[in-house]
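Asker:
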Amino acid sequence: MTDQRSSVPVAEAVAALRAARGAWRARHDDGRDTTSFPSRGALERVIELLAAALYPRRLGQFRGAPAEEDGFVAAKLLAAATELEREVAAELGYWQAEASSGTFDRDQPATIVRLFLAGLGEIRRLIDSDVEAAFLGDPAARSADEILVCYPGAIASLHHRLAHPLYELGAPIVARLISELANERTGIDIHPGATIGASFFIDHGTGVVIGETAVIGARVRLYQHVTLGARTPRGDDPDRPRTRYARHPIVEDDVVIYAGTTILGRVTIGAGAMIGGNVWLLEDVPAGRVVVQPEARAHDNATDWRANDG
Numbered sequence: 013m014t015d016q017r018s019s020v021p022v023a024e025a026v027a028a029l030r031a032a033r034g035a036w037r038a039r040h041d042d043g044r045d046t047t048s049f050p051s052r053g054a055l056e057r058v059i060e061l062l063a064a065a066l067y068p069r070r071l072g073q074f075r076g077a078p079a080e081e082d083g084f085v086a087a088k089l090l091a092a093a094t095e096l097e098r099e100v101a102a103e104l105g106y107w108q109a110e111a112s113s114g115t116f117d118r119d120q121p122a123t124i125v126r127l128f129l130a131g132l133g134e135i136r137r138l139i140d141s142d143v144e145a146a147f148l149g150d151p152a153a154r155s156a157d158e159i160l161v162c163y164p165g166a167i168a169s170l171h172h173r174l175a176h177p178l179y180e181l182g183a184p185i186v187a188r189l190i191s192e193l194a195n196e197r198t199g200i201d202i203h204p205g206a207t208i209g210a211s212f213f214i215d216h217g218t219g220v221v222i223g224e225t226a227v228i229g230a231r232v233r234l235y236q237h238v239t240l241g242a243r244t245p246r247g248d249d250p251d252r253p254r255t256r257y258a259r260h261p262i263v264e265d266d267v268v269i270y271a272g273t274t275i276l277g278r279v280t281i282g283a284g285a286m287i288g289g290n291v292w293l294l295e296d297v298p299a300g301r302v303v304v305q306p307e308a309r310a311h312d313n314a315t316d317w318r319a320n321d322g
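Residues 13 to 322 (our numbering) are what the sequence shown spells out, left to right.
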């Protein structure tokens with residue numbers, strides 16, 4: 013027999029949620045097909061398959077003979093491509109109402125996936141460069157394999173190297189979900205639209221944020237809690253966030269940015285510059301310049317300092 017007491021709050025909650033849904037839809041009726049949306053779980057499987065194809069022995073756990081390796085890679089790529097094409101098609105269905113040229117071509121998801129697969133060789137080379145940069149830059153690393161498997165920065169870089177071309181090919185939600193999978197695993201938030209050069213090294217990494225229009229050169233190193241962000245517009249600013257495209261920093265080649273630094277807006281950090289920890293920057297930094305906070309002061313006696321403080 014149904015407990016009548018439990019049905020009362022459930023019925024009230026259902027009614028309240030119906031009202032909330034209706035209010036939201038009234039405010040945001042943009043014609044998008046919200047039943048067509050990429051699956052986070054499916055994309056997690058796609059990344060696992062692609063990682064296995066990129067690094068069959070280290071990430072794919074392939075233990076067969078060398079002559080069988082290409083077959084293993086081909087099987088992983090076929091499975092990944094099939095699932096990825098389905099998720100790209102779901103995203104295009106979501107955007108269909110906003111397509112200015114009418115309906116998307118039926119073969120557009122397949123075209124996006126084909127172009128993506130064609131770039132996997134370059135993606136592998138970029139990831140290799142990131143791993144090598146970490147191995148050269150971190151004396152604690154015992155091997156490149158350790159970095160690829162264990163280091164949060166390398167894991168985040170792998171996800172970004174896969175997400176960025178999908179973003180550029182016209183699947184921004186698929187790309188964003190891939191970047192969020194990395195964020196969940198590592199605490200590193202890299203927007204898939206960010207452009208990042210070779211040999212990129214994020215040391216430690218937790219709390220790093222890199223915005224959509226950031227441009228990062230080659231051989232750049234970031235430490236934990238670095239933000240390459242945008243300035244928040246004033247409430248009366250006529251330029252709204254979605255119309256302000258180039259709003260994140262440009263970081264040129266061979267820059268090092270230490271922990272806790274926040275750099276906001278379309279500023280340029282010149283090649284070879286070094287930015288010290290906990291710096292707040294809203295202006296350009298010339299090439300080769302060093303920017304640091306004032307040094308901490310040492311007091312002879314902690315008791316005397318407390319007595320004279322404030």
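Yeah, the Cβ is synthetic: ideal placement off N, Cα and C, and Gly gets one too.
Kindly list the residues whose CB is nearer than 6 Å to the CB of I222, restricted to its own chain and excluding five residues on each side of it in sequence; keep chain order.
Answerer: Position 210 of the sequence shown, counted from the start, is the residue given in the question as residue 222. Within the same chain, I222 has close Cβ partners I202, A206, L240.
Asker: Quick check for students: name the residue ranges of the alpha helix (DSSP H) that lie wholly in the stretch 176-241, counting only runs of 4 or more.
Answerer: 184-198
Asker: Here's the rule I'm using: 16 or more other beta-carbon atoms within 10 Å means buried, otherwise exposed. How should R118 be labelled?
Answerer: Here the question's residue 118 lines up with position 106 in the sequence shown. Exposed, because fewer than 16 other Cβ atoms sit within 10 Å of the Cβ of R118.
Asker: List the whole-angstrom C-beta distance separating A285 from V297, where the pair is believed to meet the contact cut-off of C-beta under 8 Å.
Answerer: The residue labelled residue 285 in the question sits at position 273 within the sequence shown. The residue labelled residue 297 in the question sits at position 285 within the sequence shown. The Cβ separation is near 5 Å, so the contact holds.
Asker: Report the three-state DSSP secondary structure of L294 (helix, strand or coil).
Answerer: Looking up residue 294 in the sequence shown gives position 282. DSSP places L294 in coil when its eight states are reduced to three.
Asker: With DSSP as the reference, identify every bridge partner of I287, one or two as the case may be.
Answerer: Translated into the one-based positions of the sequence shown, residue 287 becomes position 275. I287 pairs with I269, V303.
Asker: From V232 to I214, what does the alpha carbon distance come to, in whole angstroms?
Answerer: Indexing the sequence shown from 1 puts residue 232 at position 220. Indexing the sequence shown from 1 puts residue 214 at position 202. If I take the Cα positions, the gap works out to 8 Å.
Asker: Count the other CB atoms, across all protein chains shown, that sit within 10 Å of the CB of D82; report buried if there are 16 or more and exposed otherwise.
Answerer: Counting from 1 along the sequence shown, the entry for residue 82 is found at position 70. D82 comes out exposed.
Asker: Spatial neighbours of L89 within its chain, please: CB distance less than 6 Å, with the 5 preceding and 5 following residues excluded, ordered by chain position.
Answerer: Within the sequence shown, numbered from 1, the residue matching residue 89 stands at position 77. For L89, where only same-chain residues beyond five positions count, the Cβ hits under 6 Å are A65.
Asker: Roughly how many angstroms lie between the CA atoms of Y270 and I287, to the nearest whole one?
Answerer: As a working note, residue 270 is residue 258 in the sequence shown. As a working note, residue 287 is residue 275 in the sequence shown. If you take the alpha carbons of Y270 and I287, they lie about 6 Å apart.
Asker: Leaving out the 5 sequence neighbours to the left and right, which residues in its chain are closer than 7 Å to D142 when beta-carbon positions are compared?
Answerer: Indexing the sequence shown from 1 puts residue 142 at position 130. If we look at D142 and ignore the five residues flanking it on each side, its Cβ neighbours are A166, S169, S211, F212, F213.
Asker: Are the CB atoms of H237 and G209 within a distance shorter than 8 Å?
Answerer: Working through the sequence shown from its first residue, we reach residue 209 at position 197. Working through the sequence shown from its first residue, we reach residue 237 at position 225. Not closer than 8 Å, so no.
Asker: Any idea which residues DSSP pairs L276 with across the strands?
Answerer: Here residue 276 corresponds to residue number 264 of the sequence shown, with the count starting at 1. Paired residues: G241.
Asker: Give me the DSSP bridge partner(s) of I159.
Answerer: Along the sequence shown, read from residue 1 onward, the residue named residue 159 stands at position 147. Answer is none; I159 lacks a bridge partner.
Asker: Secondary structure at P21, three-state DSSP: helix, strand or coil?
Answerer: Counting from 1 along the sequence shown, the entry for residue 21 is found at position 9. Three-state DSSP puts P21 in a helix.
Asker: Count the C-beta pairs between the stretch 52-70 and the stretch 93-101 that are closer than 8 Å, then say yes if the count reaches three, no if not.
Answerer: yes
Asker: So who's on the other strand from I59, going by DSSP bridges?
Answerer: Taking the sequence shown and counting its residues from 1, the one referred to as residue 59 is at position 47. Answer is none; I59 lacks a bridge partner.
Asker: For the alpha helix (DSSP H) holding P121, just list the boundary residues, first then last.
Answerer: Indexing the sequence shown from 1 puts residue 121 at position 109. That run of the alpha helix (DSSP H) goes 120-130.
Asker: Between the Cα of G133 and the Cα atoms of V26, L174, P164, which residue gives the shortest distance?
Answerer: Numbered from its first residue, the sequence shown carries residue 133 at position 121. Comparing Cα positions, the closest option is L174.
Asker: If you count every other CB in all the chains shown that lies within 10 Å of the CB of L138, and 16 or more means buried, which is it?
Answerer: As a first step, residue 138 is located in the sequence shown; it is residue number 126 there, counting from the start. By the 10 Å Cβ count, L138 comes out buried.
Asker: Rounded to whole angstroms, what's the CA-CA distance from S191 to L178? Just pull it up for me.
Answerer: Working through the sequence shown from its first residue, we reach residue 191 at position 179. Working through the sequence shown from its first residue, we reach residue 178 at position 166. Those two C-alpha atoms are separated by around 11 Å.
Asker: Can you tell me the Cβ-Cβ gap for Y67 and L160, rounded? I've got them flagged as a contact below 8 Å.
Answerer: One-based indexing of the sequence shown puts residue 67 at position 55. One-based indexing of the sequence shown puts residue 160 at position 148. Confirmed, Cβ separation roughly 7 Å.
Asker: Figure out for me which residue from A87, H216, W107, A299 has the closest Cα to the Cα of V267.
Answerer: Working through the sequence shown from its first residue, we reach residue 267 at position 255. Of the listed residues, the one whose Cα sits closest to V267 is A299.
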